[in-house]
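In this note's numbering, the protein residues as written are 1288 to 2162.
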């Protein structure tokens, strides 16, 4: 075909869906044909008409010629762009003025400028991963480019594994790869070297004096996810924290109440502490724990009276000991949500936006620099599953990768194993002693757990006392849909144990199994109990559980079989079936139904229950009717009974500064009925709960009272404070200095409100230890206040208390006008003496927030300055 067109895109298809090279407002002649002889006949005509033509054929049967009345240097620009678009064998054929035969050319050199083909020296900007890393002198020609000081470039490149090899690759004359340059317009096919260089390569863009350096991913080290490994040092100095919990329970008919007062006293200095666990119950005083402890940078130390650690071992019991222990501490690791999962690494040619999706839901998204990057996976939940990684680079190109991911707290971090050693003497409670009584003999434990791969860990340990020594071996694996936990233990006297925990997930099916057996016949004692002073394995047992669940659109089905056999007790077997219907939601309520059938030995129970819940505003209502049929083999009788329970709950939400909740309940089953009401109030000074319950059982009435209260008593270098809405082992004290009527402040911890503070008082905010928090205040109430103080960051260890001070001052929004003595407005004046910015308008009118301590305002114009005393006023 032959045509004359305004745009080449209308006639010529191009690879990859990109636009064909062309310029608007330039008349272009095309000749395309599948017959090469026809193309040959047109070449001379086009060359004689225009003096040149561009041949972009050769790769396919279709061959195209292109020409136009444009300067020859423009034609050379078209040639470069044609090759950038994939027409690698495109040629520009032109005739010279001396009548010589047409010749092919790659570079346009205007007559008289032949010197441009000689080596040129210039200063070029060097980019790596889309970011500028420096500027260096380069020598270039149309077919090569060379760094004058390649070592300067290599020193500026991050994360190189073999810098010397990269230096050798970037030394001497280099292929400029200018066809891959993006130029000023750019396109989705530019800016990348294809194929990837064996070590390193460059793209030279002469039009912008820019050199992009590319390094093979195998030559780049993996850059971590930039997550701190350990908790920072403590923000606290000396402090004492005493948590208190009081409980009282009794009946109005029988005035002999049971009471207890317990609490943990912690005297701390930075990461070190003395811990005393105190209990007073029914006229008996005891100390359950008395230890000196330290946790810092992955290690934990303890000495004194404490409960032993069995977290690494599947066998043995948790014993109270007097002794010492040392081991790794996950409490001070801040990267566990990252390190407990397998590492996900990607190579990024440029700085890119990387988003992680699970089941089509966005989990995290952030920008990463170029190179081999380890992704931040802290937000991913535990388990084993596929994730989609969506990468958008600097030019807008998007790629998606699917990876398998595993995260489990049972897997230790990849970078180091977990271990602990504990040595001491077992202790037991003696009601006549304050401290626990120490038994004769010793108790020693040690455990070790290491990760073999992303999905597998092995470990083991030893447990020993005077009577028995045992060795344990553990194996844990978490793969796609399959989890296996195996443990075995063998004692020197022939006792042994075996434990298997497994889970299989397939589609909507879940199958889990648990089998545990201990044979410790040497220490089995009919009618008695075995203590840790006697054996480390405990009594002989054999127990197993198999559970199969299926989740469907029609509800949730579950079948469970279990067996239990223990020395000195009869063997029991049970089989149960449970069905939960889909929840039906309507208005502000939902309705759920559940059926359950269980058979244990010769007894069986069938239960049908319906649960209706209603939520609106501050109210929550719940109605739960049930019907059960129960057969008891020992009395050979079937009991059929109905049960009904109604609950009404109210919460203040944001009605009060404090948190107030009231719960009420009424229930009836056959000859058993009752009602209760509970009051739960969380205040600045602690938490108080009270419950009154009335029961009628077979015509016998009883009334019970339960009281609970908790608070924390704190001593720091700044003074004494009391309070805390929740019980915890560390705290901050918010000191609001100043007065402001009608104003209080939400205390935001990591941007979440957890307590409230009032001006002129100290507020205790209890928090979990082993965390770094950001603390800030948000004003509430009907008044206005000026708050001095920014966001604070604190790191807390057990027992730490940190004082945080803010200054608050009452403020009033005022509107006024300022005039000179002759009545002229003080127009467009800057107002000084206040915080922030305020000014007057053309009429001297202004509006500002006025702190109570401000007695005068300064008004400054270009011509003069005047001072005005603030008159008395009512806010």
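Cβ coordinates follow ideal geometry from the N, Cα and C atoms, glycine included. Fair warning: this is a prediction, and the values are worked out from it, not measured in the lab.
- Beta-bridge annotation (DSSP): residue 1738 is paired with 1744.
- Per DSSP, residue 1587 is one residue of the beta strand (DSSP E) stretching across 1586-1594.
- In terms of CA proximity to residue 1710, 1728 leads the group 1908, 1717, 1722 and 1728.
- According to DSSP, residue 1613 shares a beta bridge with 1588 and 1708.
- Of the residues 1434, 1422, 1919 and 1413, the one whose Cα lies closest to the Cα of residue 1406 is 1434.
- No Cβ-Cβ contact shorter than 7 Å links residue 1888 with residue 1919.
- Assigned with DSSP and collapsed to three states, residue 1452 falls in helix.
- In terms of Cβ geometry, residue 1785 and residue 1804 form a close pair [threshold 7 Å].
- DSSP places residue 1524 outside both helix and strand once states are collapsed to three, so it counts as coil.
- Relative to the Cα of residue 1651, the nearest Cα in the group 1662, 1599 and 2035 belongs to 1662.
- A Cβ-Cβ separation of about 7 Å places residue 2030 in contact with residue 2046 under the 8 Å criterion.
- Looking at the DSSP output, residue 2023 shares a beta bridge with 2093.
- Residue state for residue 1493 is assigned as coil, using DSSP reduced to three classes.
- When rounded, the separation of the alpha-carbon atoms in residue 1870 and residue 1835 is 21 Å.
- For residue 1437, there is no enclosing beta strand (DSSP E); the residue is part of the alpha helix (DSSP H) that begins and ends at 1437-1443.
- Fewer than three beta-carbon pairs drawn from the segment 1566-1582 and the segment 1674-1686 are found closer than 8 Å, and the two stretches are therefore not classed as touching.
- Between the beta-carbon of residue 2085 and that of residue 1555 there is about 7 Å, and that keeps the pair under the 8 Å contact cut.
- A distance of 7 Å or more separates the beta carbons of residue 1448 and residue 1487.
- Scanning 1768, 1502 and 1793 for the CA closest to the CA of residue 1445 turns up 1502.
- Where residue 2146 is concerned, the enclosing beta strand (DSSP E) starts and stops at 2143-2147.
- By the neighbour-count definition (other C-beta atoms within 10 Å, threshold 16), residue 2096 is a buried residue.
- Look at residue 1940 here: in three-state DSSP terms it is coil, with no helix or strand label.
- Rounded to the nearest whole angstrom, the C-alpha separation of residue 1712 and residue 1756 is 15 Å.
- The beta carbon of residue 1944 sits closer than 7 Å to those of 2031 and 2043, all from its chain and outside the five residues before and after it, given in chain order.
- Annotation for residue 1467: 1371, 1477, 1478, 1479, 1480, 1481 and 1490 place their beta carbon closer than 8 Å to its own, counting only its chain and skipping 5 residues before and after.
- Counting only the Cα atoms, residue 1635 lies some 23 Å from residue 1437.
- Here residue 2015 is near residue 2053, since their CB atoms are less than 7 Å apart.
- Classified as buried, residue 1606 has 16 or more neighbouring CB atoms from the shown chains inside 10 Å of its CB.
- Residue burial annotation: residue 1520 is exposed, with fewer than 16 other C-beta atoms found within 10 angstroms of its C-beta.
- Taking C-alpha positions only, residue 1642 is separated from residue 1689 by approximately 12 Å.
- In terms of Cα proximity to residue 1726, the closest of 1753, 1735, 1708 and 2061 is 1753.
- With a contact defined as Cβ atoms closer than 8 Å, residue 1722 and residue 1592 qualify at about 6 Å.
- Spatial neighbours of residue 1455 in its own chain (CB-CB distance under 8 Å, excluding positions within 5 residues in sequence) are listed in chain order as 1486.
- Taking C-beta atoms under 8 Å as the contact rule, residue 1700 and residue 1735 fail to qualify, at a distance of about 14 Å.
- With a cut-off of 8 Å on Cβ pairs, the segment 2103-2118 is not in contact with the segment 2085-2094, counting fewer than three such pairs.
- Take residue 1892, set aside five residues on each side of it, and the residues of its chain with a beta-carbon closer than 6 Å to its own are 1885 and 1917, in chain order.
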